[in-house]
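S.K.: Quick one: this structure, given as structure tokens, is what I'll be asking you about.
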Amino acid sequence: MIVQLFFVVFPIFALVGIGYFAASVNYLDRSLGDTLSKFCVNLLIPILLFRSLGRADLDGISPWGYWLSYYGSMIVVAFLAGLLVRVGFGREARAAVIAGLTASFSNTLLVGIPLIDAVYGAEGTLLLSLLIVFHAPLTALISSVFMERAVVIDGYQAPRGKRALLIAVGKGLLANPILYGVVSGLLWNISGLELPEVADQVLAPLARSASPVALVAVGMSMVNYGIRGNLAIGGVLAVIKSMLLPLVVFLVASQVAGLPPVWVGVATLIAACPTGVFSFIMANQFGTGHAMSTNGIAITTGISVFTVSFWLWLLNTLGY
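Counting from 3, one number per residue, gives the positions in the sequence shown under my numbering.
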């Protein structure tokens, strides 16, 4: 059974491997990976989310337990990872925030969408869309608040006012195209209108291309990250991200919130996805934690074909 499930996951990560190989041997320019990622995030994925939410049957769906299960688990694991790096490895407060992001922020867009679509189909994509609604905004808000405090603790600047912080975070959210894809899809759904056939014929191929293009882009971008510096912290964070976070999400979603099986499965597999690049972006912005974030991204992506296969097998065995 686990071998069969491995081959469900393998084609997804094989596309990542193709992208990595094409960039590593310079068959395609390495900078193309970032360009493809932006193309996906700015155009293809918003269109995919718009079509998914705009056509979905949302009657009777109450996602509060779903959101609390995933984001509550994510916050707890991020705090534990940050505490481990701060106390166990003796790093500065800013690095602890980067560690928390590395151990808890999943690549929901470029890896999560293709994975969930392959395993759970349209129902899973809808549930993932509901999760994405708050993924980037909530993470950006919480991490920005903690990083502001960390910068002060480390003695680099005086604290900013809450108003200035919220304005800065709000501007970042309004510039996020994913938010517009989700919101416009929900509004279209509420309107009850049918998408004109000619419009859907234009949008459908773009939506279908989001998954393969995103996966190749992830592989190409990995050449720019790679393994660097001290592996110890990155390795520990990779284990927390790949094993502890999905375990906590699974237990909370299934045993505490009592969510339906597909909801539990989607949340768990998203938690098992490799680390997203947001941790590296924050590391660049605040000048610390570069090695731990890049190592965490590289390691979790490299082992994800096996770890995701394991979680898929476990979910299948337990009836999720």
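Heads up, the beta-carbon is just placed ideally off N, CA and C, and yes, glycines get one too.
Which residues mark the beginning and the end of the alpha helix (DSSP H) in which L271 is found?
M.R.: P263 to A274
S.K.: Taking the alpha-carbon of I47 as reference, which of V78, P116 and E199 has the nearest alpha-carbon?
M.R.: P116
S.K.: Exposed or buried, which one is K243 when buried takes at least 16 other CB atoms within 10 Å?
M.R.: buried
S.K.: Please return the same chain residues whose Cβ sits closer than 7 Å to the Cβ of A219, not counting the five positions on each side in sequence.
M.R.: G21, G35, L38, S39, C42 and L112
S.K.: What alpha helix (DSSP H) runs, 4 residues minimum, are completely inside the stretch 101-125?
M.R.: Scanning the stretch 101-125 for uninterrupted alpha helix (DSSP H) segments of 4 residues or longer gives nothing; none is fully contained.
S.K.: Please report the straight-line C-alpha distance between L45 and P198, rounded to a whole angstrom.
M.R.: 19 Å
S.K.: Is DSSP giving T277 helix, strand or coil here?
M.R.: DSSP places T277 in strand when its eight states are reduced to three.
S.K.: On the three-state DSSP scale, how would you describe P48?
M.R.: helix
S.K.: Please report the Cβ distance between V251 and Y72, rounded to the nearest whole angstrom; I am assuming they are in contact, meaning their Cβ atoms lie under 8 Å.
M.R.: A Cβ-Cβ separation of about 6 Å places V251 in contact with Y72 under the 8 Å criterion.
S.K.: How would you label I283, buried or exposed, when you count the other beta carbons within 10 angstroms and need 16 or more for buried?
M.R.: exposed
S.K.: Where does T319 fall in DSSP's three states?
M.R.: In the structure shown, T319 sits in a helix (DSSP, three-state: H, G or I).
S.K.: Touch check for the stretch 233-242 and the stretch 289-303: three-plus C-beta pairs under 8 Å?
M.R.: In short, these stretches touch, since the Cβ pair count reaches three.
S.K.: Excluding five sequence neighbours on each side, which residues of the same chain lie with their C-beta closer than 8 Å to the C-beta of P13?
M.R.: A120
S.K.: Please go through the same chain and pick out, in chain order, the residues whose beta-carbon is closer than 7 Å to the beta-carbon of W69, but skip the five residues on each side of it.
M.R.: The residues F136, in chain order, have a CB closer than 7 Å to that of W69 in the same chain once the five nearest residues on each side in sequence are set aside.
S.K.: I believe V225 touches S26 by the beta-carbon criterion, under 8 Å. Please report the beta-carbon distance rounded to the nearest angstrom.
M.R.: Contact holds; Cβ gap of about 5 Å.
S.K.: L317 and T270 look like a contact to me (Cβ under 8 Å); what is the Cβ gap, rounded to whole Å?
M.R.: Cβ atoms of L317 and T270 come within 8 Å of each other, at about 6 Å.
S.K.: For my contact list, T303 and V18 are in at a C-beta cut-off of 8 Å; report their separation, rounded to the angstrom.
M.R.: Between T303 and V18 a beta carbon distance of about 7 Å is seen, short of the 8 Å cut, so the two are scored as contacting.
S.K.: Going by C-alpha to C-alpha distance, which of L217, G67 and V268 sits closest to F15?
M.R.: Ranking the options by Cα distance to F15, first place goes to L217.
S.K.: Excluding sequence positions up to five away, which residues of its chain have a Cβ less than 6 Å from the Cβ of N109?
M.R.: C275, P276 and G278
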